[in-house]
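Numbering-wise, the sequence shown is residues -27 to -1, 1 to 319 according to mature numbering (1 follows the signal peptide of the UniProt record, and there is no 0). Positions of the beta carbon are idealized from the N, C-alpha and C atoms, including for glycine. Being a predicted model, the structure only gives us computed values, none of them experimental.
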Amino acid sequence: MKSRWTARLLAACTVLALALAAAGVSAETVIKLAHPNRNDAFDNTAGAMAIVFKNHVEVATERRVRVEIFPEGQMGRDGDAVKLVRQGTIQSAISSVGGVAPLYPMLAVIDLPFAYSSVANAYDVFDGPFGHRLAEEIRRKAGLAVLGFGDPGGLFTITNSKRPIRQPEDMKGLKIRTMDLETHRTMIGSLGGTPVNVAWSDLYNALGTGAVDGQMNPVPIVRFARFDEVQRHLTLSNHLFLPYVWVMNAKFLDDLAPSDRAAVMNAARLGVVASRGLSRLIESSDRGLPPLAQRMEVHTLTPREAEAFRKVTQPAVRQAIERRFGAEGVEMLAAFERAIREERTP
């Protein structure tokens, strides 16, 4: 009797094991992807990155890997989403530099102002050896795999409600909203302005009431946020490029089957390309600079004017980086500047 029940038990366990194995073969792998904006591929570049990524991953893997998108800060602010990625609660996030900097502070080296010759120069820097090194450093020190560096809108501009900005002296006394980054505060302070930390969600009202005089962001974001309704002056300063840093939980990426991992990496590259194309289209369309020029006084810094800003701001930011990061920061900053020179379009 005992042997008969033992045989039945073994048979039942075998059937259960086979069923579980079959379920495992057919089970989907899910990537939960967070980003800060509307999930619209034609509205903003984060949405474009996420949607292109989802479609290409699912087609390439025949839906073995499925992507669930959580837009509009559903997983919290950028820094919150990035922490969830590192914890493995979600698998991926498209984040601003400010969201990744708490886990990898040396991102500050890319805040050297007035460094790029063009947005194409910036793309080449992040696609080249320096970008690969930066990704490796983020993985090694923050435990995050970098899928790519997207474009949130191009090179930065400065807007304000007080006066045109043509020379460093014009910044004196202006209260300028910055990200909560020491290098950004240092840059504004070196020009005689007062850096102010205001949450993005509160910025429009702060500009409208005069609690803050101005802010700095790329043209598409100025238009997207309707800052032309509360700002009079726009200076095309092109002083920073702060890419979206697209991160994924490193263990999750490593544990994917090689073919699925290749599909994820390829889809991310296509998403980055989509972000750059959309950014350039928005910038030059009726959703970018043309309507802003109808409502705002626009000034483009001449090379000579930009050089005057560079001479004031770069030494201050270099000192801030050296003070905080020491020799390692100085070497990383030198690598960044070398990459800009080597990748500069003739």
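Simplified DSSP assignment, three categories, for residue i
i     : result
A74   : coil
A223  : helix
P141  : helix
S258  : coil
S163  : helix
R50   : coil
I67   : strand
L306  : helix
G299  : helix
V(-3) : Per-residue confidence for V(-3) stands at a pLDDT of 39, beneath the threshold of 50, marking its modelled position as unreliable; the derived number appears in the next sentence. The answer is helix: DSSP assigns V(-3) an H, G or I state.
D100  : helix
G20   : helix
D13   : coil
L176  : helix
N158  : Before going further, note that residue 158 is Arg rather than Asn in the sequence given. R158: helix per DSSP, three-state reduction.
G183  : coil
R199  : coil
E109  : helix
G61   : coil
A247  : helix
P88   : Per the sequence presented here, residue 88 reads as Ala, with Pro not at that position. Residue state, collapsed to three classes: coil.
A235  : helix
Residue of the options minimising C-alpha distance to residue i
i           : options                   : result
F197        : A81, P125 and R36         : P125
W219        : F15, H29 and V73          : V73
R139        : I294, E280, V290 and F298 : E280
V98         : G61, F214, T18 and L154   : F214
A14         : W173, R317, S252 and T62  : S252
L57         : P263, G20 and L117        : L117
residue 320 : S91, I161, V55 and M189   : Any answer about residue 320 is impossible in this case: the structure gives the chain only from -27 up to 319.
L6          : S174, M48, V171 and D16   : M48
I131        : L154, S90 and P141        : P141
A157        : M305, V70, G181 and T182  : Note on identity: in this sequence residue 157 is His, with Ala being the wrong assignment. For H157, the nearest C-alpha among the options comes from V70.
T182        : M22, A54 and K135         : K135
Beta bridge counterpart(s) of residue i as assigned by DSSP
i    : result
G123 : Y217
L207 : T132 and V271
R39  : V3
M189 : I131
R150 : V169 and Q188
A118 : M221
Cβ neighbours of residue i in the same chain (closer than 6 Å, five flanking residues each side left out)
i           : result
K114        : Y77
V169        : K148, R150 and V185
G165        : M144 and K145
H29         : A240 and L243
N133        : L147, D186, G187 and H206
F225        : Q64
residue 379 : No answer is possible for residue 379: the residues shown for the chain start at -27 and end at 319.
S90         : R317
Inter-residue spacing [alpha-carbon to alpha-carbon] between residue i and residue j
i    : j    : result
V303 : R59  : 27 Å
E45  : N10  : 4 Å
R242 : S257 : 23 Å
I24  : A247 : 10 Å
F43  : M221 : 14 Å
N211 : A300 : 28 Å
H206 : G250 : 27 Å
V92  : P216 : 11 Å
F103 : F309 : 7 Å
A312 : A19  : 26 Å
H272 : L265 : 12 Å
S65  : H105 : 19 Å
A81  : V203 : 30 Å
M238 : M152 : 29 Å
D227 : A236 : 13 Å
Q292 : S163 : 11 Å
K27  : S68  : 17 Å
D175 : M79  : 28 Å
V32  : N178 : 43 Å
P137 : L274 : 11 Å
L229 : G121 : 18 Å
I4   : E295 : 38 Å
A172 : G52  : 13 Å
R283 : P75  : 27 Å
Other residues of its chain near residue i: CB distance less than 7 Å, five sequence neighbours each side excluded
i    : result
A108 : V119
R268 : D201
G261 : V192, P193, R196 and I255
A223 : R112, G116, L117 and A118
R37  : E1, T2 and D233
E316 : N94, D97, V98 and G101
T34  : D233 and A236
Own chain, CB closer than 8 Å to residue i, minus 5 neighbours either side, in chain order
i    : result
F129 : M189, N190, P191, S210, N211, H212, L213, F214 and L215
is_contact[residue i, chain D] using C-beta, thresh 8 Å
i    : result
I161 : Checking the listed chains, one finds no chain D in this structure; it contains a single protein chain.
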